[in-house]
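K.L.:
I'd like to ask some things about the structure below.
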Amino acid sequence: MGKRRGGRELLRSLSKKQKKHLREFGEEHPFYDKLLLLLLLHSCFPFQSENSDKSSAESDSEAEVEQVSVYHKLLATLKTSPESESEEEEDESESEEAGESEAEMDSEGSQETREAEGGEEDKNDIAEEEEGTDAAEQTLSQEQADGADTSCDPHHGVIEEFTDVKHESEFSLETNFIEEESGDCNADKRDSNPFKQHMNKELEEKEIEKMSTLPKSSNQSQWSRLGQLTFSSTLEKHKTLKADKEVDVKQLYLHKPLEFTWPKVNKQFLPSLSKPSDSAFTPLQRELFCIMNTYRDLFYPERNALTNGEEIRHTYCLHALNHVLKANAQVLSNNAKRRDRKPGTDTDDYRDQGLTRPKVLMIVPFRESALRIVHIFINLLEVNDKKKIDVSNKKRFKGEFGSDPEEKPPNLKRPEDYEAVFAGNIDDHFRIGVAILQKSMRLYAPFYSSDIIIASPLGMRTVIGAEGEKKRDFDFLSSIEILIIDQADIYLMQNWEHVLHLMKHINLLPLDSHGVDFSRVRMLNLNNWSKYYRQTLLFSALQDPQINSVFNKHCFNYVGRVAIRNMPLTGSISHVVVQLPHVFRRLEAESVASVIDARFQFFINNVLPEYRDAIMSHTLIYVPSYFDYVRLRNYFKKEDLNFTHICEYTKKAGVCRARRFFLKGEKQFLLFTERFHFYKRYTIKGIRNLIFYELPTYSHFYSEICNMMKATDSGVDATWTCTVLYSKYDAQKLAAVVGIDRTAQMLQSKKNVHLFVTGEN
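Residue 1 is where the sequence shown starts when you use full-length UniProt numbering, and the numbers rise one by one after that.
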């Protein structure tokens, strides 16, 4: 803390011009900035200054790399300075009270007031143009991650990524043998074991060709808890899976330790009055695990962080750990057989591995999610309090993935779902390898020595790299057997391209052998058929075309796939409490690709002219896509409209000014992005007219934005309006807002305008 405080003191001595120059250009300013960098280097990183004499003899290229590193560390210190933290807390707290908002924004200083009055639009432009600079900084930091194995730490900026190399021999599958006393050697001898049935099936080339060319046959089934299920497969036709009404843990072919530990770990989700003889699963877990245990692909779009999120997390952790334990037990058992075999014995009987060791890849959005997953693994492996498993680097893991309760300002009021999603450490740049061997767990294992990899999409993207980069690696993804993507909807708010980039690089033939014993590699891996055996488990809070596309185009499991397809009956419009007319205006588009342009033309030709009059002031335009937001912002500037704008890249001071001008009516329009609402959830006051340029990704955002109107104390309820643009390609989003019955009527009707009124007595 002393080192960071010293850096902050130095930053306070910078002029505003110097800070701006440092943020925007990242190059040496005049000589006083050079001195500042040297002083900061000395105060924050004394281990480098001790070797200053030696560093003078280094090459110019090494000096340049060091300057880049120092610059990024300075930026990290600048962005986390106490002044900016206090400004954020004040800014967030003012979202609840209009009076507090006025006082806080006035207290930002006379200079900021002059900026707001004289050049608010220019300042906001500069703030948003810095998006490009921020993106460049992120790219540079990612390139550092590729070249120097670094990752982002929320507390200390950019640090070296730690990997555990000390316990390599202890967790090696090649040099260890199974412990007979554990009973694991008999765990996988049952022929009906789902693991063996799935991995030991040998596909023929005709079947592979059939899966690549023929369409899948599908049928539907109704389950008591999951609802409407759609089964689809190419090889297995007209074979419907039925849910077991009661599940005995001993009949699930769980690896031996899990049979005893699962009921204890899962007890928190079961009714308090349940008997020991009752099922160890909740109804939701029972049906989900019934599908998982058949190794079918699964898409479940009804994950809710408030209700069933932890139930689902425990279920897929049980399945993943069960798979890893069985696979490793098979390898260790065959190690013993190979050791005791007679010379000249055929070695094809011991093909039990992939081309690389990692078997399970778990994609989660935040470090907090990874922390909870590891804790579940530990609890599932500990039979009782007396038999604790050995977890290496556990303290370091808790320090880097845990969170400090004091970091969160206590006065923030946010919806319950926001608190549930953004609980704990919400850093989204991380990756960690986990190796499990019998009664021990190794955290921070190198990827090629790991059984399970837990990472965020950004963490994977910085390792995989892009075409043309010198240092990139994705060979460790070649033999992934289970892919779990949890909370996929959040990646729509982060960067969906990272998910697509990952899917393009999974289950490819490795470029290097990485020391594998080819006599132990399964034929399915040697034939490059790994993707046909990979099980994909996809969990989301909503159905979205982009998520559906990943499930339909990147899942090739030969067993088939299952998707839950329940449609909402009422929709989020029923949660709007203000008396408000909702006008849904339909736009026509010839194809999905033409919807973007068709929506823009429809808006500027048919909708915007109705709101140009000064009477239609206080108009908020909700824009889900950032690209649409930029297009509208540029058009508004070109037409010289009286507007302000807020997006996820807008600086805090710019947000304060925009909200104040909109509340006072000094700006007629407010362009407002969905991602800003997702990450901040500020209450925007002063809304009288509301335009949804596109239906929101999250259906409950519709009612949240509409209900912001009740925060206006002007008493002009009769003038409130709400206009929504939609097309026939928005059927899923429309159903989530108005319900399935109204959606069917609206899409079949020839009318282009539909009116609904909420809040009537």
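Every residue, glycine too, gets a C-beta built ideally from N, C-alpha and C.
#1: Kindly list the residues whose CB is nearer than 6 Å to the CB of N689, restricted to its own chain and excluding five residues on each side of it in sequence; keep chain order.
#2: Counting only C-beta atoms, is N495 closer than 9 Å to chain B at any point?
#3: Is the distance from the Cβ of D475 to the Cβ of P510 below 9 Å?
#4: Inspect the beta-carbon positions of A320 and M362 and report whether they are closer than 9 Å.
#5: Identify every run of the alpha helix (DSSP H) within the segment 373-427, keeping only runs that are complete inside it and at least 4 residues long; order them along the chain.
#6: Give me, in chain order, the residues of the same chain whose beta-carbon lies closer than 6 Å to that of K439; leave out the 5 immediate sequence neighbours on both sides.
#7: DSSP state of D297, grouped into three classes?
#8: Start and end of the alpha helix (DSSP H) containing R660?
#9: Distance, Cα to Cα, S233 vs G739?
#10: Can you look up I490 in the DSSP assignment and give me helix, strand or coil?
#11: Nearest-angstrom Cα distance between E694 and G665?
#12: Just curious, the beta strand (DSSP E) that M708 is in, first and last residue?
#13: Tell me which residue opens and which closes the alpha helix (DSSP H) that I208 is part of.
#14: Taking DSSP as the reference, what is the three-state secondary structure of Y698?
#15: Quick check on R225: buried or exposed, where buried means 16 or more other Cβ atoms within 10 Å of its Cβ?
#16: Rounding to the nearest angstrom, what Cα-Cα distance links E236 and Y532 in this structure?
#17: Between the segment 547-565 and the segment 289-299, do three or more beta carbon pairs fall short of 8 Å?
#18: Residues in the same chain with beta-carbon distance under 7 Å from residue 772, minus the five sequence neighbours each way, listed in chain order, please.
#19: Would you mind working out which of N193, E382, C290, H505 sits nearest P457, comparing C-alpha positions?
#20: Can S449 and G433 be called in contact, C-beta distance under 9 Å?
#21: Do you know how far the Cα of F584 is from the Cα of G399?
#22: So for V434, helix, strand or coil by DSSP?
#23: Three-state secondary structure (DSSP) at E97?
#24: Among residues of its own chain, excluding the 5 on either side of H575, which ones have a beta-carbon nearer than 6 Å to its beta-carbon?
#25: Name the residue from N557, P545, V550 whose alpha carbon lies nearest to the alpha carbon of R534.
#26: Could you tell me the alpha carbon to alpha carbon distance between D741 and L734, rounded to whole angstroms?
#27: Assess, as a yes-or-no matter, whether the segment 664-679 is touched by the segment 644-652 under the definition of 3 or more beta carbon pairs within less than 8 Å.
#28: In angstroms, rounded to a whole number, what distance separates the CA positions of M746 and V757?
#29: Taking 9 Å as the cut-off, decide whether the C-beta atoms of Q494 and P365 are in contact.
#30: On the DSSP letters alone, give me the boundaries of the alpha helix (DSSP H) that T743 sits inside.
#31: Within 10 angstroms of its Cβ, does M708 collect 16 or more other Cβ (buried), or is it exposed?
#32: Taking C-beta to C-beta, are A589 and Y729 nearer than 9 Å?
#33: Report yes if the C-beta of P343 is less than 8 Å from at least one heavy atom of the ligand COA; otherwise report no.
#34: Would E311 be called buried (16 or more neighbouring beta carbons within 10 Å of its own) or exposed?
#35: Closer than 8 Å is the cut-off here; do at least three beta carbon pairs connect the segment 518-526 with the segment 353-360?
#36: Hey, is the segment 330-346 in contact with the segment 415-431, meaning 3+ C-beta pairs nearer than 8 Å?
P.N.:
Well, looking at it:
#1: M616, T619, T721
#2: Of the protein chains in this structure there is only one, and it is not chain B.
#3: yes
#4: yes
#5: 394-401, 416-421
#6: I389
#7: strand
#8: 652-664
#9: 30 Å
#10: helix
#11: 24 Å
#12: No beta strand (DSSP E) holds M708; DSSP gives it neither H nor E.
#13: 205-213
#14: coil
#15: exposed
#16: 14 Å
#17: yes
#18: This structure gives no information on residue 772, because the portion of the chain shown stretches from 1 to 761.
#19: H505
#20: yes
#21: 50 Å
#22: strand
#23: Residue placement at E97 is poorly supported in this model, since its pLDDT is 39, which falls under 50; the coordinates are not used for a value here.
#24: S703
#25: N557
#26: 11 Å
#27: yes
#28: 15 Å
#29: yes
#30: 740-748
#31: buried
#32: yes
#33: Among the components of this structure there are no ligands whatsoever, and the ligand COA is therefore not found.
#34: buried
#35: yes
#36: no
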